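See below for the structure under consideration.
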Amino acid sequence: MLEFLRQPWPWYLAGPLIGLMVPVLLLIGNKSFGISSSLRHICAACLPSRIPFFRYDWKNEVWNLFLVAGILFGGLIAAQWLASPQPVQVNEKLVTELAAYGITDYHNMVPVELFNWSSLLSLKGLILMAGGGFLVGFGTRYAGGCTSGHSIMGLSTLQLPSLVATLCFMTGGFIVANWVLPFILKL
Amino acid sequence: MSPASIKEKEHHEFLTKNSDFEVRSLDAVCLNESELKHPWWYNFKYLVAGILFGIILVKAEVISWFRIQEMFRLQSFHMYGVIGSAVAVGALSVWLIKKFNIKTIYGEPIEFVTRKLNKGNVIGGLLFGFGWAITGACPGPLFAQVGTGATATVVTLLSAIAGTWCYGRFRDRLPH
Numbered sequence: 000m001l002e003f004l005r006q007p008w009p010w011y012l013a014g015p016l017i018g019l020m021v022p023v024l025l026l027i028g029n030k031s032f033g034i035s036s037s038l039r040h041i042c043a044a045c046l047p048s049r050i051p052f053f054r055y056d057w058k059n060e061v062w063n064l065f066l067v068a069g070i071l072f073g074g075l076i077a078a079q080w081l082a083s084p085q086p087v088q089v090n091e092k093l094v095t096e097l098a099a100y101g102i103t104d105y106h107n108m109v110p111v112e113l114f115n116w117s118s119l120l121s122l123k124g125l126i127l128m129a130g131g132g133f134l135v136g137f138g139t140r141y142a143g144g145c146t147s148g149h150s151i152m153g154l155s156t157l158q159l160p161s162l163v164a165t166l167c168f169m170t171g172g173f174i175v176a177n178w179v180l181p182f183i184l185k186l
Numbered sequence: 000m001s002p003a004s005i006k007e008k009e010h011h012e013f014l015t016k017n018s019d020f021e022v023r024s025l026d027a028v029c030l031n032e033s034e035l036k037h038p039w040w041y042n043f044k045y046l047v048a049g050i051l052f053g054i055i056l057v058k059a060e061v062i063s064w065f066r067i068q069e070m071f072r073l074q075s076f077h078m079y080g081v082i083g084s085a086v087a088v089g090a091l092s093v094w095l096i097k098k099f100n101i102k103t104i105y106g107e108p109i110e111f112v113t114r115k116l117n118k119g120n121v122i123g124g125l126l127f128g129f130g131w132a133i134t135g136a137c138p139g140p141l142f143a144q145v146g147t148g149a150t151a152t153v154v155t156l157l158s159a160i161a162g163t164w165c166y167g168r169f170r171d172r173l174p175h
């Protein structure tokens with residue numbers, strides 16, 4: 000059993016399990032599945048600074064903070080006890096492309112050559128971690144949700160804004176991954 | 000009107016009235032639709048749900064920067080399969096909940112409010128897409144990446160919180 004769990008899970012197992020988060024959260028407490036709101040609740044709890052957008056009773060939404068704390072622990076458990084012995088298997092073309100930028104270690108979820116503390120002192124690391132993170136936080140809140148809230152929960156309930164947002168997530172990702180990221184990685 | 004339909008009407012009013020500032024209007028998703036007040040430790044249910052979700056995210060490799068790069072280069076079906084089958088299961092369960100009028104375990108009715116499209120869905124969506132391709136993470140994976148021990152991704156997470164804060168700060172000057 001443990002051996003089976005340690006393998007990378009195929010999409011047809013993981014996808015439906017992720018989809019089940021929608022009915023589970025609805026049934027155990029009438030909650031709409033979503034993650035990015037947790038970032039807003041953290042702002043509301045720690046630094047509301049009299050900004051109207053952060054002045055609401057965040058304690059009402061504290062379930063969302065429990066959820067993301069769980070995700071962090073889940074990541075820890077999976078990495079400690081369920082880690083696959085093999086590095087992630089990706090398309091050969093990607094391996095060739097990334098090797099040209101000096102990225103060859105596939106043992107972690109993120110390339111350790113790029114995402115480490117000392118690379119924060121370089122322009123490349125700063126753009127990747129600080130810049131990328133900022134765009135994720137700003138963009139998801141501006142869009143009203145992220146891949147969980149819009150692409151999973153929103154599409155499941157057939158919301159038009161969620162379809163538009165999902166298409167824009169993908170468009171933005173295509174543009175940057177294919178035409179912008181190569182320049183950043185060359186820095 | 001039967002007591003049940005009165006209860007549903009009241010719940011509909013609760014969902015659609017804007018009690019907290021904008022929590023329930025523009026901010027389309029991720030919120031608490033329940034009117035019940037429970038002791039705080041009831042929230043441990045969500046901690047457990049989060050742990051399971053975190054494990055799935057790691058084992059399906061959807062929080063892998065490499066998998067995200069593959070997806071945006073159309074080099075693998077994996078991510079499309081994950082998202083597609085997740086939506087299919089989610090949509091089917093929502094349909095079943097509606098069709099059989101299934102209530103929560105506390106007997107509350109479950110209702111889905113239709114959201115309105117706004118410019119933020121497009122502009123914000125594109126900006127998030129840029130960030131997703133750079134960091135290989137959407138907000139859920141941000142937390143999971145930290146958990147897997149890639150400690151430097153704490154910086155990505157803190158920057159995302161800073162980004163959310165800046166959006167809130169300059170929200171009234173942005174087109175919606």
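Protein chains in written order, with numbering that gives the first Met the number 0: chain A, 0 to 186; chain B, 0 to 175. Even for Gly, the Cβ is constructed at its ideal location relative to N, Cα and C. Values in this document were obtained by computation on a predicted structure and should not be read as measured data.
Note on C167 of chain A: 16 or more other CB atoms within 10 angstroms of its CB, so buried under the neighbour-count rule. Along the region 143-159 of chain A, going in chain order, the ones with a CB nearer than 9 Å to a CB of chain B are G143, G144, C145, T146, S147, G148, H149, S150, I151, M152, G153, L154, S155, T156, L157, Q158 and L159. Note that the region 19-27 of chain A does not touch the region 117-125 of chain B; fewer than 3 beta-carbon pairs, one per stretch, sit closer than 8 Å.
The three-state reading of DSSP puts K92 of chain A in helix, counting H, G and I together. For K8 of chain B, not one C-beta of chain A is nearer than 8 Å to its own C-beta.
Any Cβ of chain B closer than 8 Å to the Cβ of G131 of chain A would place that residue at the interface, and such an atom is present.
DSSP, reduced to helix, strand and coil, places K102 of chain B outside both helices and strands of the structure shown, so it counts as coil. Take the alpha-carbon of Y79 of chain B and the one of G135 of chain B: they are about 15 Å apart. Between the region 100-114 of chain B and the region 147-164 of chain A, the count of Cβ pairs shorter than 8 Å is three or higher; the stretches touch. At least one CB of chain B lies nearer than 8 Å to the CB of L127 of chain A. In the DSSP annotation of this structure, the continuous segment of the alpha helix (DSSP H) that includes Y141 of chain A starts and ends at G131 to A142. Cβ-Cβ separation between V81 of chain B and G101 of chain A: approximately 29 Å, too far for a contact (criterion under 8 Å). Short of 8 Å from the beta carbon of G143 of chain A, and not among the five residues preceding or following it, lie these beta carbons of its own chain, in chain order: H149, P160 and A164. Residues of chain B with a Cβ closer than 7 Å to the Cβ of K92 of chain A are, in chain order, Q74. What R172 of chain B touches in chain A, judged by beta-carbon distance under 9 Å, is nothing: the nearest beta carbon there is about 12 Å away.
Taking CB atoms only, P84 of chain A has no neighbour in chain B less than 8 Å away.
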